[in-house]
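Asks: The sequence shown begins at 2 in my numbering and counts up one residue at a time. Each residue gets a CB set at the ideal place from its N, CA and C atoms; glycine is no exception. Just so it is clear, the structure is predicted and the values come from calculations on it, not from any experiment. This is the structure I want to talk about, given as structure tokens.
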Amino acid sequence: MNDDQYHQVSLINLATHLGDIFSYDADFNHITKASLTSPQRNKKDPKKIPKSKEKLRLGLAKYAFSMALGFGSAIAFSGNCALAQVIPDNSLGTQVDPNLAITGGTTVGGSNLFHSFSSFTVPDGAVADFQNATNIVNIFSRVTGGVQSDILGTIQAQGNANFFLLNPSGIAFGPNAQLRIGGSFVGTTADGIRFPDGGEFSLTSAVAPNNQLLTVNPSALFFNQTPTGAITNQSTVGLEVGTGQNLFLVGGNVNFDGGVVRAPGGRIELGGLAAPGEVVIEDNPEGSNPSLTFPDVRLTFPDDVAKADVLIDNSAIVDVVGNDGGDIFINAGNITVSGGSNICAGIGADASSCDTPGFGSGGVGSEAGNILFNATGAVSIRQSRIENNVNPGATGNSLRNIFEALDNDELFGSILISAGSFSLTDDATLSTSTFGQGSAGVVFVDSDDLVLVNNSRIFSNVESGGVGDAGGVLIIGDSLSVFDGILTASTLGLGDAGLVAIETTGSVTLAGQNTGMFSALGTDAQGEALGIVIEAGSFSMTDGAQLNVSTLGLGDAGLVAIETTGSVFLGGQNTGIFSAVGTDAQGDALGIVIEAGSFSMTDGAQLNANTFGLGDAGDMVIEAGSVSMTSGATITTQTFGEGSGGIILIQSEGAVSMTGSGTLVTSNVESTATGDTVGIRIDARSLFMDGGAELQALTRGDGNAGVILINAADFVELSGVSPT
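This is the structure:
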């Protein structure tokens with residue numbers, strides 16, 4: 002702390018202490034010497050100020066108090082406080098006047114301007130005005146004094162210059178912090194900035210005007226010591242760059258406490274390192290920017306270096322919604338998004354959860370960018386929303402579905418998450434949907450352990466009024482647990498719903514009344530629903546959880562396919578897998594296929610393939626080492642309309658067992674139906690039925706119910722109450 006800062010703080014502290022003294026109603030018999038010299042001491046100290054010194058003490062106190070107020074006023078209105086906060090270190094010729102106009106510095110190659118400060122803290126309401134020439138491309142500012150930079154006011158630069166703020170001791174943006182720059186912004190607590198061919202700008206490096214190594218664009222941020230300073234953003238006004246520009250915050254830990262960042266149609270990257278390493282500034286993915294000209298660059302974090310954490314909390318906003326191409330990339334050890342925060346990309350501003358100002362509505366050829374989370378540890382999203390949508394009134398995105406996206410490496414408009422563990426909890430949402438004219442991207446999560454709980458949702462939908470396709474939901478990991486959570490790929494508009502695809506080496510567990518996976522065409526929809534595919538070590542669904550494919554509109558509902566090397570278990574009332582064609586639908590449901598080591602159903606669980614309309618309900622195929630149905634479990638195919646019900650096919654190398662009243666496998670034609678059902682076929686080593694279990698094929702209408710065919714290598718045993 003310099004002399005001016007020290008005297009300012011000392012006088013203000015003294016004024017505060019004296020203010021406490023004056024609260025005694027001028028009864029100086031209750032003012033002790035300790036009150037003046039050590040305000041923390043007990044006020045009951047028996048030493049009193051002598052009466053003869055009261056006037057002198059009062060006069061000195063008033064004088065000190067008025068001096069402190071006068072000093073503070075002079076600071077606030079003359080700019081001297083700002084001068085004491087933004088201080089050049091005299092190494093590069095930087096000059097700062099009382100109004101925070103910043104001139105001088107060292108220019109290299111006519112395009113790069115370098116500044117150096119011992120302290121760079123911008124007071125609330127003040128503007129740090131970098132008065133650079135308009136031909137300057139990059140402004141590099143380092144802070145060498147070992148003290149965090151508190152940006153409470155505004156950083157301003159001229160023209161379209163990119164601005165780099167380098168302070169290894171930390172950077173904090175206050176509630177009213179703002180950026181007024183024409184180019185991109187990079188805030189970093191790295192130890193230095195590297196340039197191609199060996200040039201660097203660190204806290205101690207010299208900068209000569211004729212240094213050709215510093216005339217080009219930077220190529221990396223390097224970290225050579227730990228711990229690394231943090232970057233904190235509390236700016237509710239918002240840190241914002243212009244349309245299509247970049248905003249990079251690279252620590253140390255990066256913490257958003259209600260802070261807002263916006264780069265409409267541009268690129269926001271957040272992340273940091275927790276150990277020595279280098280973050281590379283790379284060419285764009287197309288390789289058409291070898292000169293690394295901003296904003297057409299991206300960051301690459303090292304795979305073998307420990308990452309710092311990113312926290313986005315307390316209604317924070319990260320927003321790149323715009324006309325075209327906005328990306329949000331976060332690279333960290335752990336990533337937490339919580340407390341009602343919103344992360345938004347996509348096309349068109351209307352209805353964005355980030356309250357995005359109107360930046361247009363895209364157009365033919367517009368493509369949204371991606372939201373990417375890359376964490377070596379945990380990604381935790383709580384009570385927050387991450388969306389990459391084509392918003393109402395917007396146009397853009399030509400992506401058709403998840404297969405096309407993966408085949409052609411065209412995952413634009415998507416949410417991509419890679420983590421050691423992933424949790425979506427407490428009303429949290431991931432959404433890639435289209436409300437306008439254009440296709441939605443893919444939600445892709447790759448994590449060892451994945452958990453969705455407490456009303457959390459993953460959507461990839463064509464919403465009502467939307468025209469385009471939904472990319473789908475793809476989950477890859479060791480295990481997936483869903484408790485009161487929903488995964489949906491559906492269409493309510495004009496376009497196809499993508500696939501819900503789950504691939505785990507371990508278990509997939511769904512439990513709860515409000516839990517399920519859905520692939521559907523709504524009443525007014527036109528398109529196809531691709532269905533639900535699950536490949537896992539084992540699969541369990543209980544307590545009312547559901548898988549559901551259906552069509553209520555013009556188009557087919559997809560297939561439900563489950564493949565496991567272990568067990569498939571369904572248990573509980575309302576728990577089930579459903580394939581349905583609605584009354585007014587014009588399309589088929591493709592049915593249900595299950596392949597497992599063992600298959601069991603109990604306590605009222607259901608497999609159900611029904612048609613109420615013109616289309617067919619689809620087949621139900623179960624292939625397992627053993628099959629067990631107990632306590633009211635049912636497998637049903639029915640037609641209520643003109644469409645046909647499919648076949649129920651159960652194949653097992655072992656035993657098929659059905660026990661208990663209400664346990665039922667049935668193929669029915671109902672009274673309103675004119676269509677047929679194919680019937681029931683069981684191929685097994687043995688079939689055992691007991692306690693009122695039933696196999697049933699019947700017609701109540703004009704159609705045929707089909708046949709029941711049993712092929713048992715060993716035996717068929719029927720026993721108990723009225724076996725049928």
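(1) What's the C-alpha gap between G559 and N335?
(2) What does DSSP give as the partner residues of S539 in its beta bridges?
(3) Indicate the three-state DSSP secondary structure (helix, strand or coil) for G347 in the structure shown.
(4) In whole angstroms, give me the CA-to-CA distance for P99 and G245.
(5) Alpha carbon to alpha carbon, how far is V298 from P291? Give it in angstroms, no decimals.
(6) For the putative contact between L481 and L451, defined by C-beta atoms under 8 Å, what is the C-beta separation to the nearest angstrom?
(7) Going by other Cβ atoms of all chains shown within 10 Å of its Cβ, with 16 needed for buried, is S541 buried or exposed?
(8) Do the CB positions of T145 and I172 come within less than 8 Å of each other?
(9) For D198, count the other beta carbons within 10 Å of its own beta carbon; 16 or more makes it buried, fewer makes it exposed. Which is it?
(10) Using only the alpha-carbon positions, how far apart do I103 and A129 sit?
(11) Looking only at DSSP bridge pairs, what is F519 linked to?
(12) Buried or exposed, going by whether 16 or more other CB atoms sit within 10 Å of the CB of V444?
(13) Measure how close the beta-carbons of A231 and G259 come, nearest whole angstrom, since I'm counting them as under 8 Å.
(14) Would you mind sorting G327 into buried or exposed? The rule is 16 or more other CB atoms within 10 Å of its CB.
(15) L222 and L180 - do their beta-carbons sit closer together than 8 Å?
(16) Taking the Cβ atom as the reference point for each residue, do G616 and T552 lie within a distance shorter than 8 Å?
(17) What does DSSP give as the partner residues of A275 in its beta bridges?
(18) Rounded to the nearest angstrom, what separates I50 and S150 at their Cα positions?
(19) If you draw a straight line from the alpha carbon of S668 to that of T377, how long is it in whole angstroms?
(20) Any beta carbon from chain B within less than 8 Å of P296's own beta carbon?
(21) Quick check on R701: buried or exposed, where buried means 16 or more other Cβ atoms within 10 Å of its Cβ?
(22) Which whole runs of the beta strand (DSSP E) in the stretch 668 to 694 are 3 residues long or more, in chain order?
(23) With a cut-off of 8 Å on the beta carbons, I'd call L215 and F196 a contact; round off their distance for me.
(24) Using only CA atoms, which one of S687, S627 and L571 lies nearest to I636?
(25) Cα separation between A264 and G111?
(26) Between which two residues does the beta strand (DSSP E) harbouring Q652 extend?
(27) Tell me, to the nearest whole angstrom, how far the beta carbon of G341 is from that of S316; I am working on the premise that it is less than 8 Å.
(28) Going by beta carbon distance, what residues of the same chain come within less than 6 Å of I459, once the five residues before and after it are set aside?
(29) Starting from Q157 and walking both ways along the beta strand (DSSP E), at which residues does that stretch end?
(30) Beta-carbon within less than 6 Å of L248's beta-carbon, same chain only, minus the 5 sequence neighbours each way: which residues are those?
(31) Given that a residue counts as buried once 16 or more other Cβ atoms are within 10 Å of its Cβ, and exposed if not, what is E671?
(32) Given F689, which residues of its chain have a CB within under 6 Å of its CB, disregarding the five upstream and five downstream residues?
(33) Taking only three categories from DSSP, how would you classify Q86?
(34) I'd like to confirm the pairing. Which residues does DSSP put opposite T189 in its beta bridges?
(35) Let's test the definition: count the other Cβ atoms within 10 Å of the Cβ of L250 and tell me whether it reaches 16, buried, or not, exposed.
(36) With a CB to CB cut of under 8 Å and the five nearest residues on each side skipped, what residues in its chain are close to G647?
Replies: In short:
(1) 37 Å
(2) S508
(3) strand
(4) 34 Å
(5) 9 Å
(6) 5 Å
(7) buried
(8) no
(9) exposed
(10) 7 Å
(11) T489 and N549
(12) buried
(13) At roughly 16 Å, the Cβ-Cβ gap does not stay under 8 Å, so A231 and G259 are not in contact.
(14) buried
(15) no
(16) yes
(17) Beta-bridge pairing links A275 to no other residue.
(18) For I50, the predicted model reports a pLDDT of 33, less than 50, meaning its position is unreliable; a value from the coordinates is still stated below. Their Cα atoms are separated by approximately 44 Å.
(19) 51 Å
(20) Among the chains in the structure shown there is no chain B, since it carries only a single protein chain.
(21) With fewer than 16 other beta carbons inside 10 angstroms of its own, R701 counts as exposed.
(22) 678 to 691
(23) 6 Å
(24) If we check each option's Cα against that of I636, L571 comes out closest.
(25) 27 Å
(26) G646 to S653
(27) 5 Å
(28) If we look at I459 and ignore the five residues flanking it on each side, its Cβ neighbours are L431, V444, V474 and L488.
(29) Per DSSP, the continuous beta strand (DSSP E) segment holding Q157 begins and ends at T155 to A158.
(30) F186, V242, V262, A264 and I269
(31) Buried is the call here.
(32) S658 and E718
(33) helix
(34) L167 and V251
(35) In this structure L250 is buried. Its beta-carbon is surrounded by 16 or more other beta-carbon atoms within 10 angstroms.
(36) Same-chain partners within the cutoff: G592, A610, D617, A618, G619, D620, M621, T638, T678 and V679.
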